[in-house]
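Following: one structure in structure tokens, then a few remarks.
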Amino acid sequence: MNIAVCVKRIPKTAEADIFIEKDGSDIKKDHLVFYLNDWDGYAVREAALLKEKHGGEVTVITVGPEEAKEVLTRCLAMGADRALRIEEPPTQDSYLIAKILSRAIKNQAFDLLLLGVQAEDDNCGQVGVSLAQMLGLPHAAIVNHIEIEGDKAKVRRELEGGIEELTELKLPAVLTIQTGINEPKYVSLAALLEAEDKEIKDLGMEELGLTLSESVDTKIDQVFFPPVGKMAEILKGNPEEVVTQLTEIIKKKKG
Amino acid sequence: MKIDPKTFIQDYLLNICIQCGTCTGGCPVKFRSPLNMRRLVRQTYITNDPSPLFKSPELWACTTCSNCSLRCPAGVKNVELIMAIRNLLANQGEVPSTIRDALENTFLQGNPWGRFRDRRADWAKELGVKILGEAASETLLYVGCAPSYDPRVQNVSTALVKIFQKADLDFGILGKKESCCGNEIRRMGEQALFKKLTKDNTNLFKKSGIKRIITISPHCYNTFKNEYPDLTIPVQHYTQVIADLMETGKLKLSKALDLRTTYQDPCFLGKQNLVFDEPRKILTFIPGLEFVEMERSRQRSLCCEGGGGRMWAEGGTEGTRNGEIRVKEAVALGAKVMATACPFCLLTLEDAVKISGLTSEIVIKDISELVAEAIDENPITKFQAPNNHQ
Amino acid sequence: MGEIFVLVEHRQGKIRDITYEMLQLGERLASPQGTLSTAVLLGHNVKNFAEELTTKASKVLVVEDAQLEHFNSVHYQKVLSSLIAKYQPPLTLIGHTAFGMDLAPSLAVEMEFPLVTDCIDLSFEESRLKAVRSIYGGKVNAKVSLKESKGYVATVRPGVFSPGAPGEKKGGMVMEPSPLQEMIDVKKFIEYIEAPITGEDITQAEIIVSVGQGIGGPEHIPMIEEVAKSLGGVIACSRPVVDRNWLPKERQVGISGKTVKPKVYIAIGISGAFQHVTAMQGSDTIIAINKDARAPIFGVADYGIVDDFQNVIPILKEKAKGMK
Numbered sequence: 001m002n003i004a005v006c007v008k009r010i011p012k013t014a015e016a017d018i019f020i021e022k023d024g025s026d027i028k029k030d031h032l033v034f035y036l037n038d039w040d041g042y043a044v045r046e047a048a049l050l051k052e053k054h055g056g057e058v059t060v061i062t063v064g065p066e067e068a069k070e071v072l073t074r075c076l077a078m079g080a081d082r083a084l085r086i087e088e089p090p091t092q093d094s095y096l097i098a099k100i101l102s103r104a105i106k107n108q109a110f111d112l113l114l115l116g117v118q119a120e121d122d123n124c125g126q127v128g129v130s131l132a133q134m135l136g137l138p139h140a141a142i143v144n145h146i147e148i149e150g151d152k153a154k155v156r157r158e159l160e161g162g163i164e165e166l167t168e169l170k171l172p173a174v175l176t177i178q179t180g181i182n183e184p185k186y187v188s189l190a191a192l193l194e195a196e197d198k199e200i201k202d203l204g205m206e207e208l209g210l211t212l213s214e215s216v217d218t219k220i221d222q223v224f225f226p227p228v229g230k231m232a233e234i235l236k237g238n239p240e241e242v243v244t245q246l247t248e249i250i251k252k253k254k255g
Numbered sequence: 256m257k258i259d260p261k262t263f264i265q266d267y268l269l270n271i272c273i274q275c276g277t278c279t280g281g282c283p284v285k286f287r288s289p290l291n292m293r294r295l296v297r298q299t300y301i302t303n304d305p306s307p308l309f310k311s312p313e314l315w316a317c318t319t320c321s322n323c324s325l326r327c328p329a330g331v332k333n334v335e336l337i338m339a340i341r342n343l344l345a346n347q348g349e350v351p352s353t354i355r356d357a358l359e360n361t362f363l364q365g366n367p368w369g370r371f372r373d374r375r376a377d378w379a380k381e382l383g384v385k386i387l388g389e390a391a392s393e394t395l396l397y398v399g400c401a402p403s404y405d406p407r408v409q410n411v412s413t414a415l416v417k418i419f420q421k422a423d424l425d426f427g428i429l430g431k432k433e434s435c436c437g438n439e440i441r442r443m444g445e446q447a448l449f450k451k452l453t454k455d456n457t458n459l460f461k462k463s464g465i466k467r468i469i470t471i472s473p474h475c476y477n478t479f480k481n482e483y484p485d486l487t488i489p490v491q492h493y494t495q496v497i498a499d500l501m502e503t504g505k506l507k508l509s510k511a512l513d514l515r516t517t518y519q520d521p522c523f524l525g526k527q528n529l530v531f532d533e534p535r536k537i538l539t540f541i542p543g544l545e546f547v548e549m550e551r552s553r554q555r556s557l558c559c560e561g562g563g564g565r566m567w568a569e570g571g572t573e574g575t576r577n578g579e580i581r582v583k584e585a586v587a588l589g590a591k592v593m594a595t596a597c598p599f600c601l602l603t604l605e606d607a608v609k610i611s612g613l614t615s616e617i618v619i620k621d622i623s624e625l626v627a628e629a630i631d632e633n634p635i636t637k638f639q640a641p642n643n644h645q
Numbered sequence: 646m647g648e649i650f651v652l653v654e655h656r657q658g659k660i661r662d663i664t665y666e667m668l669q670l671g672e673r674l675a676s677p678q679g680t681l682s683t684a685v686l687l688g689h690n691v692k693n694f695a696e697e698l699t700t701k702a703s704k705v706l707v708v709e710d711a712q713l714e715h716f717n718s719v720h721y722q723k724v725l726s727s728l729i730a731k732y733q734p735p736l737t738l739i740g741h742t743a744f745g746m747d748l749a750p751s752l753a754v755e756m757e758f759p760l761v762t763d764c765i766d767l768s769f770e771e772s773r774l775k776a777v778r779s780i781y782g783g784k785v786n787a788k789v790s791l792k793e794s795k796g797y798v799a800t801v802r803p804g805v806f807s808p809g810a811p812g813e814k815k816g817g818m819v820m821e822p823s824p825l826q827e828m829i830d831v832k833k834f835i836e837y838i839e840a841p842i843t844g845e846d847i848t849q850a851e852i853i854v855s856v857g858q859g860i861g862g863p864e865h866i867p868m869i870e871e872v873a874k875s876l877g878g879v880i881a882c883s884r885p886v887v888d889r890n891w892l893p894k895e896r897q898v899g900i901s902g903k904t905v906k907p908k909v910y911i912a913i914g915i916s917g918a919f920q921h922v923t924a925m926q927g928s929d930t931i932i933a934i935n936k937d938a939r940a941p942i943f944g945v946a947d948y949g950i951v952d953d954f955q956n957v958i959p960i961l962k963e964k965a966k967g968m969k
């Protein structure tokens with residue numbers, strides 16, 4: 001079973017102070033650290049687990065700058081066999097990313113394509129299912145369990161309200177992977193250093209029959225801080241005093 | 256993955272073990288987990304493939320306090336064995352999830368909590384502290400992760416700044432360029448990451464042109480002093496510096512603290528590096544302070560369980576925490592304050608006070624906080640001795 | 646110009662709230678364009694839904710087919726694309742839900758329409774669609790322009806737009822024949838799986854003490870559970886806690902977990918991602934405990950404590966004894 005996993009390098013923003021570029025086009029990223037998108041980490045791990053069970057090879061693909069090779073190296077350390085980086089277009093657009101990936105994957109014999117449900121930075125949740133349509137493959141989004149039975153995959157999709165949907169897909173298929181599908185493994189620095197010796201293939205847009213001025217569907221005009229809504233009334237005092245106020249509130253509100 | 260036990264036997268001298276059990280006898284988590292050091296050494300020695308042994312979750316219970324190795328009459332390197340096993344597990348990716356987070360966070364943000372790197376020196380913003388690189392100094396105050404980010408331990412950093420400024424000691428910090436020292440990283444088994452940190456930090460120290468390093472945490476002190484192969488700059492724990500400032504008359508304390516106070520020896524300062532006297536000198540130097548010694552002190556001090564990556568480990572131990580035992584011992588002595596000189600002791604003991612419901616009996620203070628209190632009439636924090644008559 | 650399509654989302658015999666939220670949004674977007682909005686209902690034996698929807702939408706377009714009984718993106722896409730080809734809607738609104746995320750991207754690619762997902766606002770500037778999206782984990786919003794097109798697809802974040810008042814409209818109903826013919830076997834719905842509740846049902850609790858990744862590790866859970874019990878409540882959690890196996894899935898509050906509306910909701914070490922907030926903001930009183938004063942949870946809570954939970958919870962544990 002040959003699996004391709006498409007991954008993305010993203011800036012970590014959860015703990016960071018965020019500033020907006022002067023022209024309003026994006027947030028400033030110089031001071032941020034970059035990492036493998038959380039969802040993609042689960043997808044790569046899932047591919048490695050499926051490989052352990054069913055054999056085959058795992059190929060990881062990213063569209064990104066030269067630095068994106070860091071995350072590919074991490075994926076190689078996680079159990080991927082091959083890695084491919086495709087040059088990044090000047091404008092970020094999920095449709096275009098899907099198109100680039102579809103060109104790179106077309107005519108290759110993969111049984112399964114895995115992607116994260118969405119990326120931590122743009123939150124689109126769009127590339128995987130778009131890619132499936134471009135390749136003419138069946139897909140399932142938000143998958144949290146995979147079982148391979150012959151030329152079929154039985155997958156569970158995570159729905160709202162704690163309910164799951166069991167769906168059967170004919171392979172090859174595209175699945176977008178939800179966090180929690182597996183237990184992530186620690187990737188040691190020793191394993192990363194070892195993976196640095198593995199080859200990462202580079203591909204330009206032109207080699208895929210595309211140009212750098214490919215048109216895009218969406219464009220960010222401006223980013224801005226969300227309006228500040230009402231704020232909680234912060235309880236003041238030492239912990240003892242704060243808890244006294246807290247218990248009063250709980251007593252009153254629970255009726 | 257098959258492991259050749261020979262490497263372990265040679266590297267950690269398992270063959271010279273006489274199975275006397277002193278290691279297990281002195282182990283601070285022996286009642287809290289199934290970890291049995293004597294048995295581990297024996298089993299690793301006699302088996303052809305020790306890998307199944309290494310899957311036991313209790314291997315993460317060890318606090319690396321080093322009581323076992325220090326007491327071993329034969330010289331078995333028990334703690335190094337634990338770290339080597341954890342290194343194997345880390346390289347296979349088989350570490351508990353919270354340890355995984357701590358290691359990944361250190362790789363990314365330079366601290367195990369994953370707090371934002373650029374905020375590392377936020378605590379010092381208003382204190383008029385030199386940032387090396389922007390200003391020069393021969394003395395580096397290496398702050399460390401917990402004193403940089405933990406709101407409770409930041410108070411220790413602030414206290415030290417106040418003390419050094421009062422004593423006209425010229426010093427600087429590295430600001431947001433500072434990274435984790437790696438002491439705990441090594442003990443969680445991530446040897447490669449530890450090596451990277453030693454290299455990066457050593458280069459950074461050299462480039463900063465400093466002539467000495469003062470650490471807040473005994474854990475940073477330990478690793479800089481004993482485990483950084485290319486670091487030639489002398490390293491001191493802050494208690495050594497303050498004791499010296501007091502003895503040479505550069506630091507004078509004017510305010511009396513009428514407090515019965517005892518002291519918890521941090522393992523990485525006391526038993527592992529034999530800094531026993533300086534903290535006691537400081538405490539007895541504080542006007543009005545009545546110092547009382549606990550029965551188990553110095554080499555025999557009971558580990559608080561904050562070391563060896565235990566700050567980030569989940570569970571693995573059960574029953575009464577050592578911290579609680581320790582706090583009760585202090586209360587029994589009539590101490591109103593239990594002083595320590597380590598961020599991890601401070602946090603674990605303070606937790607223990609809360610868990611035991613002894614908040615009205617005793618408070619946990621870092622020595623630096625007591626010294627800062629005694630400097631003048633403008634305390635940096637509202638300090639109240641607990642009152643039994645409440 | 647055609648009317649704006651709003652795709653009705655229903656599951657297990659119920660129309661989902663996102664439908665009403667989108668119908669309201671659809672009307673708002675349609676009127677300045679001089680058009681109306683149409684509710685598009687695909688299903689099997691959904692007469693009752695159709696009738697209900699006529700009170701909410703200017704028009705209800707219905708396609709009935711046994712193959713549409715359960716959601717299957719392949720069937721839905723086939724029917725929708727033929728409806729779009731016939732009715733030429735300038736915009737098709739779909740929920741940014743497990744249902745919509747499985748459908749909208751492939752539909753947009755097939756139709757060659759630009760797609761914008763997870764929108765928290767939408768507007769037309771002339772005939773061009775503009776959207777507002779929340780990005781970088783909610784830290785900033787982005788105003789997005791879509792390229793000129795005769796049709797657009799947009800997915801809408803649940804819980805952002807308020808649903809209309811009941812029974813405002815008197816819309817017409819149009820039945821369309823199903824274009825589905827032979828069985829499609831590349832993707833098959835098999836069944837719904839609902840994990841049986843083994844512990845307490847958190848949706849029934851009046852007091853919920855909920856923990857997030859910010860508590861650091863599972864060793865703190867027994868203490869927090871004790872607090873919850875003393876207060877007469879239950880313990881719940883956010884998604885990362887379930888992903889880490891600190892608590893079982895049935896304890897999860899969030900879009901992919903349970904939606905709760907207790908009298909008191911105490912959030913400990915929860916940052917306040919929208920997936921969590923959406924599912925608990927209906928609580929009467931929300932109290933947040935977090936050491937990061939900048940955590941978004943404080944924008945949702947009524948009361949906040951900015952401190953390490955370990956400084957607060959042990960004291961609360963003592964004080965909560967007998968409060969039940």
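Protein chains in written order, with our numbering: chain A, 1 to 255; chain B, 256 to 645; chain C, 646 to 969. Backbone N, C-alpha and C fix where the C-beta goes; we use that ideal spot for every residue, glycine too. Keep in mind it's a predicted model, so treat the numbers as computed, not measured.
> Is residue 740 of chain C helix, strand or coil by DSSP?
Replying inline: Correct three-state label for residue 740 of chain C: strand.
>> Helix, strand or coil for residue 252 of chain A? Go by DSSP, reduced to three states.
In response: Here residue 252 of chain A carries a helix assignment [DSSP, helix/strand/coil].
> By a C-beta neighbour count over all protein chains shown, 10 Å radius and 16 as the cutoff for buried, is residue 55 of chain A buried or exposed?
Replying inline: Counting Cβ neighbours within 10 Å, residue 55 of chain A comes out exposed, since fewer than 16 surround it.
> Where residue 436 of chain B and residue 358 of chain B are concerned, what is the direct C-alpha to C-alpha distance, given to the nearest angstrom?
Replying inline: Within the model, the alpha-carbon separation for residue 436 of chain B versus residue 358 of chain B is close to 13 Å.
>> Suppose the cutoff is 6 Å on Cβ atoms and the five residues either side in sequence are ignored; what does the same chain contact list for residue 101 of chain A look like?
In response: Excluding sequence neighbours, residue 101 of chain A sits near 6, 131.
> Is it the case that the Cβ atoms of residue 684 of chain C and residue 705 of chain C are separated by a distance below 7 Å?
Replying inline: Yes, the pair counts as a contact, with Cβ atoms nearer than the cut-off.
>> According to DSSP, simplified to helix, strand and coil, what is residue 18 of chain A?
In response: When secondary structure is reduced to three states using DSSP, residue 18 of chain A falls in the coil class, being assigned neither helix nor strand.
>> Per the DSSP calculation, residue 897 of chain C is bridged to which residue(s)?
In response: Under DSSP, residue 897 of chain C forms a beta bridge with C/882.
>> Quick check: is the beta carbon of residue 710 of chain C nearer than 7 Å to any beta carbon in chain A?
In response: Not closer than 7 Å to any Cβ of chain A, the Cβ of residue 710 of chain C fails to qualify, so no.
> Whose C-beta lies closer than 6 Å to the C-beta of residue 16 of chain A among residues of the same chain, with five residues either side of it excluded?
Replying inline: Only 32 meet the Cβ criterion.
> Mind pulling the chain C residues with CB within less than 7 Å of residue 610 of chain B?
Replying inline: Here the neighbours are 959.
> chain F partners of residue 369 of chain B, CB-CB under 9 Å?
Replying inline: You won't find chain F in this structure, because its protein chains are A, B and C.
>> Check whether chain B comes within 7 Å of residue 33 of chain A, counting only Cβ atoms and requiring the distance to be less than that.
In response: The beta carbon of residue 33 of chain A sits closer than 7 Å to some beta carbon of chain B.
> Listed in chain order, which residues of the stretch 189-205 of chain A have Cβ atoms closer than 7 Å to some Cβ of chain B?
Replying inline: For the stretch 189-205 of chain A, the set of positions with a beta-carbon nearer than 7 Å to some beta-carbon of chain B reads 189, 190, 191, 193 in chain order.
> Hey, how far is the Cα of residue 664 of chain C from the Cα of residue 43 of chain A?
Replying inline: Straight-line Cα distance between these residues: approximately 31 Å.
> residue 567 of chain B and residue 258 of chain B: beta carbons closer than 7 Å?
Replying inline: No; because the gap between Cβ atoms is not below 7 Å, this pair is not in contact.
> When burial is assigned at 16 or more other CB atoms within 10 Å of the CB, is residue 303 of chain B buried or exposed?
Replying inline: Taking every protein chain shown into account, the CB of residue 303 of chain B has fewer than 16 other CB atoms within 10 angstroms, so this residue is exposed.
>> Comparing C-alpha positions only, which one of A/246, A/71, A/168, A/228 sits nearest to residue 363 of chain B?
In response: Of A/246, A/71, A/168, A/228, the smallest CA-CA separation from residue 363 of chain B is found for A/71.
> Excluding five sequence neighbours on each side, which residues of the same chain lie with their C-beta closer than 7 Å to the C-beta of residue 121 of chain A?
Replying inline: Cβ neighbours of residue 121 of chain A beyond the five flanking positions: 10, 11.
>> Residues in the same chain with beta-carbon distance under 8 Å from residue 371 of chain B, minus the five sequence neighbours each way, listed in chain order, please.
In response: 364.
> What residues from chain C crowd round residue 249 of chain A, counting only those whose CB sits closer than 9 Å?
Replying inline: Simply 909, 930, 932, 947, 948.
> Do you know offhand how far residue 433 of chain B's Cα is from residue 449 of chain B's?
Replying inline: Roughly 15 Å separates the two Cα atoms.
> Looking at the structure shown, is residue 962 of chain C part of a helix, part of a strand, or coil, going by DSSP?
Replying inline: Secondary structure at residue 962 of chain C: helix, using DSSP grouped into helix, strand and coil.
>> Taking DSSP's pairing of strands, which residues face residue 202 of chain A in a bridge?
In response: For residue 202 of chain A, which the question treats as bridged, DSSP gives the partners A/85.
>> For residue 256 of chain A and residue 313 of chain B, I'd like the C-alpha separation in whole angstroms.
In response: Here chain A covers residues 1 to 255 and nothing more, so residue 256 of chain A does not appear.
> Quick one, which of B/516, B/540, B/511 has its alpha-carbon nearest residue 503 of chain B's?
Replying inline: Considering only alpha carbons, the answer is B/540.
> When the cut-off is 7 Å and only beta carbons count, does residue 463 of chain B lie next to chain C?
Replying inline: So no, residue 463 of chain B is outside the interface.
> Since residue 606 of chain B meets chain C, which of its residues come closer than 7 Å, beta carbon to beta carbon?
Replying inline: For residue 606 of chain B, the C-beta contacts it makes with chain C under 7 Å involve 955, in order along the chain.
>> When you compare the CB of residue 92 of chain A with every CB in chain C, is at least one pair closer than 7 Å?
In response: So no, residue 92 of chain A is outside the interface.
> Interface residues of chain C around residue 301 of chain A at Cβ under 9 Å?
Replying inline: As displayed, chain A neither begins before 1 nor continues past 255, which places residue 301 of chain A out of reach and without an answer.
> Which residues bound the beta strand (DSSP E) around residue 11 of chain A?
Replying inline: It spans 9-11 - the beta strand (DSSP E) in which residue 11 of chain A sits, taken as one unbroken run.
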